[in-house]
Amino acid sequence: MKHFLKETDFSLEQAQAVFSLAKTLKAERLNSPQPLNMQSWGLLFYKSSTRTRISFEVGVNELGGFPLVLNSSQTQINRGETIADTAKVMSRYLHGLVIRTFGHEIVEDFAKHGSIPVVNGLTDFNHPCQLYTDLFTALERYSPDAVDIASLKGKKVAFFGDCASNMANSWIISAAMFGMEITLTGPETFAPEQIVIDALQTDGLPVNYRFTTDPTEAAKDADILYTDVWVSMGNEVEAAERIEQMMPYQVTRERMAEANPDAIFMHCLPAHAGEEVSQQVLDSGQSIIFDQAENRLHTQKAILTKLSEINL
Ligand code: CP
Ligand code: NVA
């Protein structure tokens, strides 16, 4: 059974097929093939969501399937039913599961004990659907005709803020996988952690990201400036301390000016203007945040279609 729990679950060739398909599905949105015809997909949320929930609910529907949104706190998971039993039971009703949760081992356990494909809709470790969407959105600019992954090679990414977060991990892994150069910048206490190095090594990818506490150094010559909230879901008790420490890493107009003149600004959203990014940058012509948000739909439809083909 093929799952999509991390960026490297697709080969480069399969990733290219996903991006090419996303382009077609975007161009012909209401004329989608129906690979999920007669299927029911569970969308299981342990955490809040706007984009992931809506884009998957709409996307499953547009692919001919029925999306069933489940909040973990309203299931027996909340009263101690094991993941193993839950996965086995859900596999008797559903044809696939998208899960947003805390520990990454939860999506791995669903995949291990169930018999249906599992898609990672964000864990504390990573957010691969967002990353594939971000790469597709960048490709729309770098290679609009072919969305050719070769055009990502050598692109310079600067990631600002919480460099030990799920989004930072996903960017580190994707940069290594697609041959991009990445420099992360934030306070020393939020540097990338061993877990991401282990993940790179497990997948045979180079450990060649750079980390600096100097945001100017990270911005220099960057093609993509990326940031995410400083307080991820689950980190709320540390909010005041995080915001105070990360203030020097806000992406401002001045910071954008240190990068390549044609650099783009990206953010997975939700954004907290005045914290990780200024409102001016969010509103600027360099910002492609709403293209990213829209592309969640098209890219995830392509991911679900590709998984269906592989799992036939
Ligand atoms: N970017 C993202 O995953 O957004 P949501 O938390 O709204 O799903
Ligand atoms: N790092 C953020 C991403 C939200 C899409 C979080 O986990 O809350």
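Residues in the sequence shown are numbered consecutively from 0, following the working numbering.
A virtual CB, placed ideally from N, CA and C, is assigned to each residue, including glycine.
Taking the alpha helix (DSSP H) that residue i falls in, what are its first and last residues?
| i | result |
| --- | --- |
| Asn60 | Arg50 to Glu61 |
| Ala218 | Pro214 to Ala218 |
| Val195 | Gln193 to Thr201 |
| Glu243 | Ala238 to Met245 |
Which of the three DSSP states, helix, strand or coil, is assigned to residue i?
| i | result |
| --- | --- |
| Tyr141 | helix |
| Asn310 | helix |
| Val146 | coil |
| His112 | helix |
| Leu134 | helix |
| Ala272 | strand |
| Thr7 | helix |
| Ser19 | helix |
| Phe124 | coil |
| Ala190 | coil |
| Glu27 | coil |
| Asn234 | coil |
| Leu303 | helix |
| Ala163 | coil |
| Val206 | coil |
| Trp229 | coil |
| Asn77 | helix |
| Ser277 | coil |
| Asn259 | coil |
| Gln291 | helix |
| Gln13 | helix |
| Gln33 | coil |
| Gln129 | helix |
Using the beta-carbon count (16 or more within 10 Å), is residue i buried or exposed?
| i | result |
| --- | --- |
| Leu303 | buried |
| Pro214 | buried |
| Gln249 | buried |
| Ile196 | exposed |
| Gly284 | exposed |
| Phe177 | buried |
| Pro269 | exposed |
| Met369 | Any question about residue 369 goes unanswered here, given that the chain covers just 0 to 311. |
| Asn168 | buried |
| Asp227 | buried |
| Arg241 | buried |
| Lys152 | exposed |
| Met255 | buried |
| Ser72 | exposed |
| Arg222 | Note that residue 222 corresponds to Asp in the displayed sequence, not to Arg. So Asp222 counts as buried. |
| Thr136 | buried |
| Ile148 | buried |
| Ala295 | Strictly speaking, residue 295 in this sequence is Arg, with Ala absent from that position. Looking at its Cβ environment, which holds 16 or more other Cβ atoms inside 10 Å, Arg295 is buried. |
| Phe289 | exposed |
| Met37 | exposed |
| Asp133 | buried |
| Gln291 | buried |
| Gly79 | exposed |
| Ser114 | exposed |
| Gln129 | buried |
| Glu27 | exposed |
Within the continuous beta strand (DSSP E) that includes residue i, where are the two ends?
| i | result |
| --- | --- |
| Ser39 | Ser39 to Phe44 |
| Tyr92 | That residue, Tyr92, is in no beta strand (DSSP E); its alpha helix (DSSP H) goes Ile82 to Tyr92. |
| Arg254 | Per DSSP, Arg254 belongs to no beta strand (DSSP E); it is in the alpha helix (DSSP H), Arg252 to Ala256. |
| Ile395 | Residue coverage of the chain in this structure runs from 0 to 311, which leaves residue 395 outside it and unanswerable. |
Pull up the DSSP beta-bridge partners for residue i, would you.
| i | result |
| --- | --- |
| Asn70 | Phe44 |
| Ser314 | An answer regarding residue 314 cannot be provided, because it is not within the stretch 0 to 311 covered by the chain. |
| Val118 | Phe3 and Val97 |
| Lys155 | Glu180 |
| Thr211 | Thr184 |
| Phe312 | Since the first residue shown for the chain is 0 and the last is 311, residue 312 is missing from the structure and cannot be characterised. |
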